[in-house]
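If you're matching positions, the sequence shown starts at 1040 in the numbering used here and goes up one per residue.
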Amino acid sequence: MLCARQEVAMQPRVFDLLVYLVRHHDRVISKDELLDAVWSEVTVTDNSLQRAVSSLRAVLRQGGMASVIRNVPGKGYRFCFDGETTRPVESGERDVDRISGATGLARRAASSQLWLQAATLFESADEGGLLTGEDLRSWALALQCLGKPTAAIPLLVRAVSTRTRAGDAVGAAIDAITLSGLHFESGQAAIGQGWLARAEDWASGLDDPATTALILWMKSKLAAFDGELEQALSLAEIAYATVQNKGAANVEALSLAYRGFYRLCLGDTRRGLADQDHAAALALSSSNLDPILGGILYCNVLWAARMFGDWARADQWTLSYQNFCSGSGMELTGSCQLHRSEVLGIRGSLHEALSRIQDSLARLSSDAPWSTGDANRVLGDIQAAIGNDDAALEAYDRAYSFGWCPEPGHAMLLLTRGEAEAAHASLERSLIGKTWWTLQRRGILLAHLALVAAHTHRNDQAEALIGELSGSPDRWPMPSIRALTNEAQAILALARGDHETAMQHLHLARQLWSSVGGRVHAVRLRLQISRLQFERDDIRGAMAEVHAARLIASELGARKLEAECIALQRDIDGRANGSALVA
């Protein structure tokens, strides 16, 4: 659970005790009732209850709340908020006090971003059927922040109905937009479209820039999903213009971030990155950043950094997002774990990355099933880096079966297994079409295609691709893309017998990967450098490179790379020892 916005471990029985006390905070609960409720299936003594209460107080003490558990001699226990007394309550006033008291406490918990308390208290208060539309929205928000978006949907549907009856068109429209987004994320695009149409109907008679901008933003997302990126950009631009400097910083930041994202997809990298940086600064400087809107904003920036191979940027934003979730009392979503696992995989924390991506896959089935394919692609990349080739190929196949492109990781694994032609064909297929996925990853896919083309002796194609990527530094400035083009240039130089130029390009590629923490790729390039030095009888240089590569590979847990290091080091040692014997 979260206490004072910090995650605290709690035994299941102790947690059940807390939930029961909070739900029935309006009265003193006898020991027998608590024993029956919490230990219903086992026989225990009063000592078990006393130990559980003591443990609960110890947990609550961390948030300065130990005193909320009151012991009423001869009667039992009661959970009391903010100076509530334990005076007896007359039966006639008990129901009214329970409803209004729980609602007020739930509202305070939600405003303090104590989401578990808020959700529990709203559930208790809902027994009286007196929750307002705003209460239902807050309850739904609490469930979303606890990682339960599906459970929030029926509450928002009720909120829409409640607001409609009250004549609150703005509130109904905003809740309908939220429903549209939740259905869209869960893969129910048709239902999402229906809720968006309802929101448009309500907003058509309003003069509310924030609501209008939210509708335009959601329409831009749907257009992008359908591959209409120019239309998506136009809608995002109108949304931003509609709300700019109108006192709705959250919506302004959201529309600006997505305008930047669509610009990135269409090749306007410089302005796209500037938009996203501006959006993040605007949102984070807001004093009332909504946790869900903030999460959407972060996810968009993170997604862009991952898709464009901007790993240094992705690492910074994933850490920032984790801090935001912690500060907002939010559970990390499956999408957040997906972002983080890919960054960790690139940077070499392979076993942590594997744990996180497995957690992500477990959550995405309800959070965002449409990205399950992407998660399997990342799982394949991590397994390949560890050296589990069969598991990697299986994950890539699953990604493809979900309609997701498994490149470039799949092609690079084929290349290392000696299937260079298959790798080339697979990369070329991945560039067919103009879907949002292809346009986002075009630079990183072209860079890998250049490398594989060089390996398959398609020198003209490799040089043309290198020229396209290198000739557009404003569009593809990412170190990862520059590293791959330098590696391709090294392969072309070797084909010409120009070992000196090849070595220069390999060293530059390794330095570029190191600059963004790409340790797995840095090890791979050190091995290539060491082999070239070994072939040129630079034994000392080869030993230095392979030694550094082996140390890092061992630290990363990259078994396949470590085995390659050991085999190469054995060859180098053998030649070094032979030279010593001759001397």
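By construction, the Cβ of each residue, glycine as well, lies at the ideal position given by its N, Cα and C atoms.
Using a Cβ-Cβ cutoff of less than 7 angstroms, which residues in the same chain neighbour residue i once the five nearest sequence positions on both sides are dropped?
i	result
Ala1532	Thr1540, Ala1541, His1544
Arg1563	Leu1600
Tyr1360	Tyr1337, Leu1341, Cys1375
Gly1140	Asp1065
Gln1050	Ser1094
Ala1527	Ala1489, Leu1490, Ala1493, Ala1501, Ile1505
Ala1271	Ser1259, Ala1262, Ala1263, Tyr1301
Asn1110	Tyr1116
Cys1444	Ser1469, Trp1476
Gly1131	Note that Gly1131 has pLDDT 42, beneath the 50 cutoff, so the model's placement of it is unreliable and the number below is only indicative. Excluding residues within five positions, none has a Cβ falling inside 7 angstroms.
Gly1412	Ala1438, Phe1441, Gly1442, Trp1443
Asp1329	Asn1289
Between which two residues does the alpha helix (DSSP H) carrying residue i extend?
i	result
Val1417	1411 to 1425
Arg1570	1558 to 1574
Cys1364	1350 to 1366
Cys1304	1288 to 1304
Met1257	1248 to 1264
Lys1070	1070 to 1077
Ser1243	No alpha helix (DSSP H) holds Ser1243; DSSP gives it neither H nor E.
Gly1334	1330 to 1346
Arg1310	1308 to 1323
Phe1054	1051 to 1062
Trp1154	1154 to 1164
Val1585	1578 to 1595
Glu1502	1498 to 1509
Met1369	Neither: Met1369 is in no alpha helix (DSSP H) and is coded neither H nor E.
Ser1440	1428 to 1440
Arg1386	1373 to 1386
Ser1273	1268 to 1282
Gly1448	1448 to 1455
Could you tell me the alpha carbon to alpha carbon distance between residue i and residue j, rounded to whole angstroms?
i	j	result
Gly1303	Ala1344	With the sequence shown as reference, residue 1303 is identified as Leu, and Gly is not the correct amino acid for it. About 10 angstroms.
Leu1312	Arg1514	11 angstroms
Arg1565	Ala1548	10 angstroms
Arg1468	Ile1520	19 angstroms
Leu1453	Gly1366	43 angstroms
Ile1502	Arg1395	Going by the sequence as given, residue 1502 is Glu instead of Ile. Straight-line Cα distance between these residues: approximately 38 angstroms.
Glu1267	His1378	25 angstroms
Ala1353	Leu1060	43 angstroms
Trp1078	His1063	17 angstroms
Pro1516	Asp1240	44 angstroms
Leu1295	Phe1441	31 angstroms
Val1128	Val1067	Note on Val1128: pLDDT 40, under 50, position unreliable in the model; the coordinate value appears next. Taking the straight line joining both Cα atoms gives about 10 angstroms.
Ala1242	Ala1407	27 angstroms
Thr1142	Ala1275	38 angstroms
Gly1333	Gly1186	15 angstroms
Ala1288	Pro1518	33 angstroms
Val1053	Phe1347	46 angstroms
Met1451	Leu1484	11 angstroms
Glu1166	Leu1073	21 angstroms
Gly1482	Ser1511	10 angstroms
Arg1202	Leu1595	55 angstroms
Asp1246	Ala1319	27 angstroms
Asp1207	Arg1237	14 angstroms
Arg1609	Leu1523	28 angstroms
State the start and end residues of the unbroken beta strand (DSSP E) segment that holds residue i.
i	result
Phe1118	1115 to 1118
Val1111	1108 to 1111
Beta-carbon within less than 6 angstroms of residue i's beta-carbon, same chain only, minus the 5 sequence neighbours each way: which residues are those?
i	result
Phe1161	Ala1145, Trp1178
Leu1218	Leu1195, Trp1234
Ala1157	Ala1145, Ala1148, Ala1149, Ala1181
Ala1191	Ala1179, Leu1182, Gln1183
Pro1188	Leu1221
His1463	Val1491, Thr1495
Met1582	Ile1611
Throw me the rounded Cβ distance for the residue i and residue j pair, which I believe falls under 8 angstroms.
i	j	result
Tyr1301	Trp1256	Going by Cβ atoms, the distance from Tyr1301 to Trp1256 rounds to 11 angstroms, so no, they are not a contact pair.
Gly1172	Ala1205	7 angstroms
Val1199	Pro1248	21 angstroms between Cβ atoms; not a contact.
Trp1350	Gly1556	7 angstroms
Ala1597	Gly1426	6 angstroms
Can you find a C-beta in chain C that's less than 9 angstroms from the C-beta of residue i?
i	result
Ala1424	The structure shown contains no chain C; it is built from a single protein chain.
Cβ of residue i versus every heavy atom of the ligand COA: is any distance shorter than 8 angstroms?
i	result
Ile1611	You won't find the ligand COA in this model; it holds no ligand whatsoever.
Where in the region 1459 to 1484 do unbroken runs of the alpha helix (DSSP H), each at least 4 residues long, occur, reported from the N-terminal end onward? 1459 to 1469, 1475 to 1479
Taking only runs of the alpha helix (DSSP H) that begin and end inside the region 1166 to 1207, which ones reach a length of at least 4 residues, in chain order? 1172 to 1184, 1188 to 1205
Kindly provide the ranges of any alpha helix (DSSP H) runs that are 4 or more residues long and lie completely inside the region 1514 to 1555, ordered along the chain. 1518 to 1534, 1538 to 1554
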